[in-house]
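In UniProt numbering, the protein residues as written are 4 to 489.
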Ligand code: ADP
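Written as structure tokens, this is what we have:
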């Protein structure tokens, strides 16, 4: 059941279209991954509602775009303040539908809200450009204007932050947006919409379409096919990213894709070992390993290998697994049965190919979707865990001898999102950082995401960057004015 909220009206069980709370013909259940219990149900919308949402966003666009950056910033700032004021309730809804421990959920509320604060500030700093002319009778100027109606399809692992990271820059730029949150976590999205309404975000600027897995495909098609929707931002798996890219080709839609990762984590012989263990633990087991920047492959230098894996296994065994609402818990359940099946598959595949089990390796005694924090040593490149995103609490550790070998192994993947390494040698820090084929490199740290930094990947991990001073560019078009007769 739903946790007790300080403000019960933050639990919304209708979708949000054109500033109104609306139903659909059918509904689908939202469940708690900790016990499988039904929390409530939300409208199961489809193509017709998606069309209505696009029409609402289109109607709202001219007035929102015509506001000054400062005016949009004022509304967004109110929304930010309301998120922080209601952080406890937002976190409780998130833990209920997503499973992450309550302190982690609170952390995400602050992180998610930080994008709204940041882009509210950036709204005031969108400027054009004046070129130096090569024709003395002409002047050349660049305007930066909002791209138009945008769409966002978001995942369940960060139910608030993956929405605000897209919606905030879009709104700041003057765009309006249709959001299709993950079917597992619509309640966080709807609570955000309730707060946006209270903050005075005009009708149609933000629209939230709720849909189950099957209807999400239908809604996705409508968003891609629409000639009104000029930009689609997606965070999720690489296979779905490819589908959306293909579907967006006919309308030549601008795309921002934050897709899968397979982060390497290299521990060099000159690393601070305890710091490296700490970094590996946080980057691996945060959100039960269900983030696209989670470490998947750990490469430890042969001279410190045994000490490193022993400390890592000791750390993994100390992680308290349980219901995210219980005090002291640092790892909640996995999102669904499929996630547990994938983790089991990766672990049994690795063990069958010769990996050594140092911690965990099975479903937790609590049963259901709880999985023991797992450490596999002596993993080899032929194992699933070394190639596919595990998205679960499994650390795979392997040894290396030279810097070149570690870099080559780290880069031997089609993914290119986050990477990490630990070293105290300044020359090595530069060399390795420059050679890693990744959009992000954590050096002597396992935590890198922040609203001021550009988040995104290279290779098949995606297109574009979110957050930072660059994040708003995604939602702005350049218009070149060439003024003659001067
Ligand atoms: P995950 O494995 O994290 O669930 P997905 O890529 O399957 O990642 O899902 C991320 C988001 O994409 C969710 O909102 C989901 O509903 C949506 N989605 C999945 N498949 C499609 C599709 N074919 N078209 C549009 N949206 C989709």
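Glycine is no exception: its CB is placed at the ideal position from the N, C-alpha and C atoms.
Remember, it's a predicted structure, so these values are computed and weren't measured experimentally.
*Could you tell me whether any non-hydrogen atom of ligand 1 is closer than 7 Å to the CB of residue 446?*
Because no heavy atom of ligand 1 lies under 7 Å away, the Cβ of residue 446 does not count as near it: no.
*Reduced DSSP secondary structure (H/G/I, E/B, other) of residue 480*: strand
_Restricting to Cα atoms, I'd like to know which of 103, 92, 211, 250 is closest to residue 229._
250
*How should residue 157 be labelled, buried or exposed, when 16 other C-beta atoms within 10 angstroms of its C-beta is the threshold for buried?*
By the neighbour-count definition (other C-beta atoms within 10 Å, threshold 16), residue 157 is a buried residue.
*Whose C-beta lies closer than 8 Å to the C-beta of residue 113 among residues of the same chain, with five residues either side of it excluded?*
87, 90
*Nearest residue (CA-CA) to residue 327, options 49, 96, 163*: 96
*Identify, in the order they occur along the chain, each residue of the same chain with its Cβ nearer than 6 Å to the Cβ of residue 191, setting aside the five sequence neighbours on each side.*
96, 97, 162, 163
*Going by beta carbon distance, what residues of the same chain come within less than 7 Å of residue 442, once the five residues before and after it are set aside?*
419, 420, 459, 460, 461, 464
*Which stretch, first to last residue, makes up the alpha helix (DSSP H) that contains residue 75?*
72–88
*Look up residue 26 in the DSSP assignment and say whether it is helix, strand or coil.*
coil
_My output table needs one value for residue 367: the three-state DSSP class, helix, strand or coil._
Reduced to three states, the DSSP call for residue 367 is coil.
*For ligand 1, is there a heavy atom less than 7 Å away from the beta-carbon of residue 121?*
no
*Excluding the five sequence neighbours on either side, which residues of its own chain have a C-beta within less than 8 Å of the C-beta of residue 48, listed in chain order?*
Annotation for residue 48: 18, 27, 212, 213, 214, 218, 222 place their beta carbon closer than 8 Å to its own, counting only its chain and skipping 5 residues before and after.
*With a CB to CB cut of under 7 Å and the five nearest residues on each side skipped, what residues in its chain are close to residue 468?*
Closer than 7 Å at the Cβ level, and outside the excluded window around residue 468, lie 457, 458, 459, 474.
*Going by other Cβ atoms of all chains shown within 10 Å of its Cβ, with 16 needed for buried, is residue 433 buried or exposed?*
exposed
*Buried or exposed: where does residue 257 fall if 16 or more other Cβ atoms within 10 Å of its Cβ makes it buried?*
buried
*Round the Cβ separation of residue 269 and residue 400 to the nearest angstrom and send it over; I've been treating them as touching at under 8 Å.*
Not a contact, Cβ separation roughly 11 Å.
*Excluding sequence positions up to five away, which residues of its chain have a Cβ less than 7 Å from the Cβ of residue 318?*
280, 284
*Can you check whether the CB of residue 291 is closer than 8 Å to the CB of residue 189?*
no
*What whole-angstrom Cβ distance do residue 210 and residue 265 have, given they're in contact under 8 Å?*
In fact, because the Cβ distance is near 34 Å, the residues do not count as touching under 8 Å.
_C-alpha gap between residue 235 and residue 153, whole angstroms_ = Rounded to the nearest angstrom, the two C-alpha atoms are 6 Å apart.
_Identity of the residue in 106, 437, 427, 131 nearest residue 413 by Cα_ = Comparing alpha-carbon positions, the option among 106, 437, 427, 131 lying closest to residue 413 turns out to be 437.
*How about the stretch 306–313 and the stretch 329–341: do they share at least three Cβ pairs that are nearer than 8 Å?*
Too few Cβ pairs lie closer than 8 Å, so no.
*So, using beta-carbon positions, are residue 126 and residue 75 closer together than 8 Å?*
Yes; because the gap between Cβ atoms is below 8 Å, this pair is in contact.
*When DSSP labels each residue in this structure, what does residue 227 get in the three-state scheme?*
helix
*So which of 175, 5, 481 has the shortest CA-CA distance to residue 92?*
5
_Please return the same chain residues whose Cβ sits closer than 8 Å to the Cβ of residue 323, not counting the five positions on each side in sequence._
331, 332, 333, 334
*What do you reckon, is the C-beta of residue 183 under 7 Å from a heavy atom of ligand 1?*
yes
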